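> The structure follows.
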Amino acid sequence: MALGLVLGGGGSRGAFQAGALAALAAANVQPAFVLGTSIGAINALATTKLAPAELVQWWLTKIPRNMFWQRQGEVPYANLLRELIARPKLRPWPVLALTAALPGLHEHVVELTSKTPAAQLQWLLATSAIPYVYPKVNINGVHYVDGGVVNDMPIDIAKDLGATHIVSIGAGGLGPTPKVTARLHLDVPSWAPNILDFRQKPRPRLLLAGWQMAQKMIKSPEFQALQAKEP
Numbered sequence: 001m002a003l004g005l006v007l008g009g010g011g012s013r014g015a016f017q018a019g020a021l022a023a024l025a026a027a028n029v030q031p032a033f034v035l036g037t038s039i040g041a042i043n044a045l046a047t048t049k050l051a052p053a054e055l056v057q058w059w060l061t062k063i064p065r066n067m068f069w070q071r072q073g074e075v076p077y078a079n080l081l082r083e084l085i086a087r088p089k090l091r092p093w094p095v096l097a098l099t100a101a102l103p104g105l106h107e108h109v110v111e112l113t114s115k116t117p118a119a120q121l122q123w124l125l126a127t128s129a130i131p132y133v134y135p136k137v138n139i140n141g142v143h144y145v146d147g148g149v150v151n152d153m154p155i156d157i158a159k160d161l162g163a164t165h166i167v168s169i170g171a172g173g174l175g176p177t178p179k180v181t182a183r184l185h186l187d188v189p190s191w192a193p194n195i196l197d198f199r200q201k202p203r204p205r206l207l208l209a210g211w212q213m214a215q216k217m218i219k220s221p222e223f224q225a226l227q228a229k230e231p
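When the count follows the UniProt record's numbering, it moves up by one through the sequence shown with no breaks and lands on 231 for the last residue.
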């Protein structure tokens, strides 16, 4: 059995994902790989670097509130990504990120965990480069933008990569509706703030919602059957 964990885009709503991921980690869920786009890719890398409680605190205290100013030509979360990348790896699974290559907006998947820290930073900036909000990223002469523009929940890609079972967690991104769905899926509540609303006030509620919904999913017969199949 190959369990793929898929994380969609959604900006500030990634706090919901973080709560769900903390619950899955506490239940010792061991995916074969984690595939994410935009904030989902950042959270995907965080699953290999942060313990469950650390992931929650990271979202409560580390994510910048103002995501629209630039310092020395960089997006405001670049240093946060550097700090995350520099942390020692706690979990072994590969992390993959989806971006969109210009000019044709072609899907492009890259395995972050096989890259140098500098390359990891570039690809994370690329997958989260929301058009008209953050600058496109030039990597080896090709410009890339947010992968959610072409596929906000890349379940189909996870299946192509060999996942026989999938758990997907959305964050309410604005990309196209996925053509392929997962039976074990969590989606952000309807009351979630705008994807660019990074105020700290809504974060505890989003984290709690993710934790509670994941806990409910973990107790479901379908999820219990999935865990029983693990070697």
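Every residue gets a Cβ at the ideal spot worked out from N, C-alpha and C, and that includes glycine. Values in this document were obtained by computation on a predicted structure and should not be read as measured data.
Tell me the DSSP secondary structure of ASP197 in three-state form.
Three-state result, ASP197: coil.
> Does any CB atom of chain D fall closer than 8 angstroms to the CB of GLU111?
This model lacks chain D altogether, as it is built from one protein chain only.
> Whole angstroms is fine: what's the gap from LYS62's alpha carbon to PHE68's?
Their backbone Cα atoms lie some 16 angstroms apart in a straight line.
> Tell me whether the beta-carbon of LEU3 lies closer than 8 angstroms to the beta-carbon of VAL167.
Yes.
> Does the region 114 to 121 come close enough to the region 26 to 35 to have 3 or more Cβ pairs within less than 8 angstroms?
At 8 angstroms Cβ cutoff, the stretches do not touch.
> When DSSP labels each residue in this structure, what does SER168 get in the three-state scheme?
Here SER168 sits in strand by DSSP.
> Look at the alpha carbon of LEU124 and the alpha carbon of VAL109, and state the distance between them as a whole number of angstroms.
Approximately 11 angstroms between the Cα atoms of the pair.
> Can at least three beta-carbon pairs, one atom from the region 72 to 85 and one from the region 5 to 20, be found at a separation below 8 angstroms?
Too few Cβ pairs lie closer than 8 angstroms, so no.
> Assuming THR48 and LEU90 are in contact, meaning their beta carbons sit under 8 angstroms apart, how far apart are those beta carbons, in whole angstroms?
Yes, they are in contact, since the Cβ atoms of THR48 and LEU90 sit about 6 angstroms apart, within 8 angstroms.
> Look at PRO135 and MET153 and say whether their C-beta atoms are less than 8 angstroms apart.
Against a cut-off of 8 angstroms, the Cβ pair of MET153 and PRO135 comes out as no contact.
> Pull up the distance between the alpha-carbon of ILE186 and that of LEU24, whole angstroms please.
A quick correction: the sequence has Leu, not Ile, at residue 186. If you take the alpha carbons of LEU186 and LEU24, they lie about 12 angstroms apart.
> Between GLN122 and PHE223, what straight-line distance do the alpha-carbon atoms span, to the nearest angstrom?
So the alpha carbons of these two residues sit roughly 35 angstroms apart.
> With DSSP as the reference, please indicate the residues paired to GLU111 in a beta bridge.
LEU96.
> In terms of residue numbering, what span does the beta strand (DSSP E) encompassing LEU3 cover?
Counting along the chain, the beta strand (DSSP E) containing LEU3 begins and ends at 3 to 7.
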